[in-house]
Structures are given as C-alpha cells and as structure tokens.
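Residue numbers (this note's numbering): 20 to 166.
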C-alpha cells in the first residue's frame, strides 16, 4: 500500500473523528482491514505534541507554487473536498478544511489527541500481534501547543 502524506493524514483524521462520534452510524469501519503478509507496520507522524484534543482550523491559503499549485498536498477548502471526495459538512470536512469552522467546531468538537491515537494503536496491534509501531518524527515539537 502506497499512501501520500495527505492520504495518511486523512486516515489519521478519520481516526480522531471516530472518537468524536462514538454513537454515530457509519457505513463501514475504515480500520477493519484484512490482515495480509507476515509483517505488521504501523506508522504515524507529525503529531506536533498535540497530546490533548484541540480546536484546529486548517489554513485557507493554497501555498503551492509552480507545478504544485492546485495539487495535493496544497489543496484547501472546497477544492480539497472535491479532490478527495469528502462530503461538505462532514467530520472529515471539519478535520481537513477551514470551511464553516465556527459551526463545525461547535458541532464536532475538538480533534486529535494521544488518547484517540493510543486507542487506535491498541486496536490495530491486537489485530496484528507483533506489529512494529514507527514514529516518523515531529512528535514532541512543531506547533504552538508544544510550547
């Protein structure tokens, strides 16, 4: 499986959103994946010391220049939703865009935090005994909340 950074962040945001909406009905569990192969690798990165859930607003400016303008990972707002097929007004739209931020923050609450990440890691490790957890960096620094 080959994931871009944006796709990986999309999956991690879904993990965080799963903790926000415990009683909500879902079409499918994004973490109910078939086990295959002999090695289990779990990877996370760029947590930026967000130990506790926070209200996080994604930027509204596309910083992509040159060939990267208008391409992932520099898409923002409705362009990002359209590119990745994310429904407007959804928990994923709140996690990945600035759109309707005050209303979405009120509706969905805070995102992230290591409690959600730990719950997901425990679940995946239980399904894949002996799996290796890799930290890709920027775990304890890289944001204002790390101060």
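Ideal placement from N, C-alpha and C gives every residue a C-beta, glycine not left out.
On a predicted model such as this, the values are computed, not experimentally measured, just so you know.
Sub-8 Å separation of residue 50 and residue 139 beta-carbons
Locating residue 50 in the chain shown gives position 31, where the first residue counts as 1. Locating residue 139 in the chain shown gives position 120, where the first residue counts as 1. Taking the C-beta atoms as reference points, residue 139 is found nearer than 8 Å to residue 50.
Give the DSSP-derived three-state secondary structure of residue 151 in the structure shown.
Reading the chain shown from its first residue, position 132 is the one you call residue 151. Residue 151 carries a strand assignment under DSSP once its states are collapsed to helix, strand and coil.
Proximity winner among 143, 132, 160, 161, relative to residue 70 (alpha-carbon distances):
Numbered from 1 along the chain shown, position 51 holds the residue referred to as residue 70. Residue 70 has its Cα closest to that of 132, out of 143, 132, 160, 161.
Could you pull the start and end residues of the beta strand (DSSP E) that residue 62 belongs to?
Position 43 of the chain shown, counting from 1, holds the residue named residue 62. That run of the beta strand (DSSP E) goes 60 to 63.
Tell whether a beta-carbon distance below 8 Å holds between residue 130 and residue 114.
Indexing the chain shown from 1 puts residue 130 at position 111. Indexing the chain shown from 1 puts residue 114 at position 95. In this structure, residue 114 lies closer than 8 Å to residue 130 by Cβ.
Assigned exposure category for residue 99 - 16 Cβ within 10 Å defines buried:
Locating residue 99 in the chain shown gives position 80, counting from the first residue. Label assigned to residue 99: buried.
Quick check on the burial criterion: 16 or more other C-beta atoms within 10 angstroms. Buried or exposed for residue 95?
Looking up residue 95 in the chain shown gives position 76. Note on residue 95: 16 or more other CB atoms within 10 angstroms of its CB, so buried under the neighbour-count rule.
Taking the alpha carbon of residue 55 as the reference point, which residue from 148, 75, 119, 27 has its own alpha carbon closest?
Here the question's residue 55 lines up with position 36 in the chain shown. The candidate whose alpha carbon is nearest that of residue 55 is 148.
If you scan the region 49 to 94 from start to end, which runs of the beta strand (DSSP E) of 3 or more residues do you find wholly inside it?
Within the region 49 to 94, the complete beta strand (DSSP E) runs of at least 3 residues fall at 60 to 63.
Which residues mark the beginning and the end of the alpha helix (DSSP H) in which residue 140 is found?
Locating residue 140 in the chain shown gives position 121, counting from the first residue. Residue 140: member of the alpha helix (DSSP H) spanning 133 to 146, first to last residue.
Short of 7 Å in beta carbon distance, which residues of its chain neighbour residue 17, apart from the five on each side in sequence? Order them along the chain.
Residue 17 is absent from the structure shown; the chain starts at 20 and stops at 166.
What's the call for residue 152, buried or exposed, on a 16-neighbour Cβ count within 10 Å?
Here residue 152 is taken as the residue at index 133 of the chain shown, counted from 1. It is exposed - the Cβ of residue 152 has fewer than 16 other Cβ atoms within 10 Å.
Can you grab the Cα-Cα spacing for the pair residue 68 / residue 156, in whole Å?
Start at 1 with the first residue of the chain shown, and residue 68 comes out as number 49. Start at 1 with the first residue of the chain shown, and residue 156 comes out as number 137. Roughly 11 Å separates the two Cα atoms.
Beta-carbon within less than 6 Å of residue 195's beta-carbon, same chain only, minus the 5 sequence neighbours each way: which residues are those?
Not covered by the structure: residue 195. The range shown for the chain is 20 to 166.
Please classify residue 123 as buried or exposed, where buried requires at least 16 other C-beta atoms within 10 Å of its C-beta.
Against the chain shown, residue 123 aligns to sequence position 104. With 16 or more other Cβ atoms within 10 Å, it is buried.
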